[in-house]
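Shown next, in structure tokens, is the structure this report addresses.
In the UniProt record's numbering, the protein residues as written are 1 to 279.
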């Protein structure tokens, strides 16, 4: 029989929690403090059942040697909380500042690339696309027909599968003109229209590993991702993000996150959680 925790699942000992935390940090840079132990136990209990492990010690032994299951465990622990137009000031900035500049570049036939790094189930990437398109218009058609692409990456393959489907139970945070133009009502809620989905390429990516990307980005959103990392990892990540942004391009991070890194002087503040790369 399973040994039960007070929450009804197998008990997670301090030693097993420490082992899981070490694996999450070494393979994904995720920091799990002791206060996360109960959450870890709840999130991983389904994986124990799926693999027939009666106790966490058996599951820890498994993920130490089984790289596929280890990846599934880390994906399960990754925070995928998100919403449409979360921190909407960022998307106002996209609409008011990035969109006019991008329309000028599209008119010249230029290549435009944006990146939602840590896109979870897709709401951020779709919000970025809708803010860029605006209501249905000739300008929106120019963007759809131009060399414009949004890369959207996440650690979790399950979250990415949901993002690709573009089906959501509600659209309360999407501004009505954008909702009318770019979503369709379905029995379960809304569906993002195909034209918008075609702007986005969803890919699985661990931000700590090599980035198989070519060229630079006009803007990168890496919001509410870095609090999961320790300070050295955040410093390295911000430096790598800076390397991937064109001069004059923008980096968006969580509104409560400081841009604390030796690379911070490569940016100028442009709003709350918004930074413009210096030329």
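Think of the CB as a built atom: it goes at the ideal place given N, C-alpha and C, for glycine as much as any other residue. In this text, all values refer to a predicted model and were calculated from it rather than measured experimentally.
(1) Would DSSP call residue 253 helix, strand or coil?
(2) Report the residue ranges of all alpha helix (DSSP H) runs contained in full by the stretch 171-198; include only those spanning at least 4 residues, in chain order.
(3) To which residues of the same chain is residue 121 closer than 7 angstroms at the C-beta, ignoring the five residues directly before and after it?
(4) Please tell me whether residue 146 and residue 140 are closer than 8 angstroms, where the distance is taken between their beta carbons.
(5) Considering only DSSP beta bridges, list what residue 115 is partnered with.
(6) Kindly indicate which three-state DSSP category residue 107 falls into: helix, strand or coil?
(7) Could you check where the alpha helix (DSSP H) with residue 299 kicks off and where it finishes?
(8) Taking Cβ to Cβ, would you say residue 271 is nearer than 8 angstroms to residue 87?
(9) Within this structure, are the beta carbons of residue 223 and residue 252 separated by less than 8 angstroms?
(10) In angstroms with no decimal places, state the Cα-to-Cα distance between residue 132 and residue 95.
(11) May I have the straight-line CA-CA distance separating residue 215 from residue 201, to the nearest angstrom?
(12) Taking C-beta to C-beta, are residue 115 and residue 217 nearer than 8 angstroms?
(13) Shortest alpha-carbon distance to residue 112 belongs to which of 118, 242 and 103?
(14) On the CB-based measure, 16 or more other CB atoms within 10 Å of its CB, does residue 232 come out buried or exposed?
(15) If you follow the beta strand (DSSP E) that residue 70 is part of, which residue opens it and which one closes it?
(16) For residue 44, which of 28, 66, 17 and 27 has the nearest alpha-carbon?
(17) May I ask which residues mark the beginning and end of the beta strand (DSSP E) holding residue 204?
(18) Roughly how many angstroms lie between the CA atoms of residue 259 and residue 108, to the nearest whole one?
From the atom records:
(1) coil
(2) 176-182 and 194-197
(3) 80, 82, 159, 162 and 163
(4) no
(5) 151 and 220
(6) helix
(7) No statement about residue 299 is possible, as the shown extent of the chain runs from 1 to 279 and does not include it.
(8) no
(9) yes
(10) 6 angstroms
(11) 15 angstroms
(12) yes
(13) 103
(14) exposed
(15) Per DSSP, residue 70 belongs to no beta strand (DSSP E); it is in the alpha helix (DSSP H), 67-77.
(16) 17
(17) 200-204
(18) 33 angstroms
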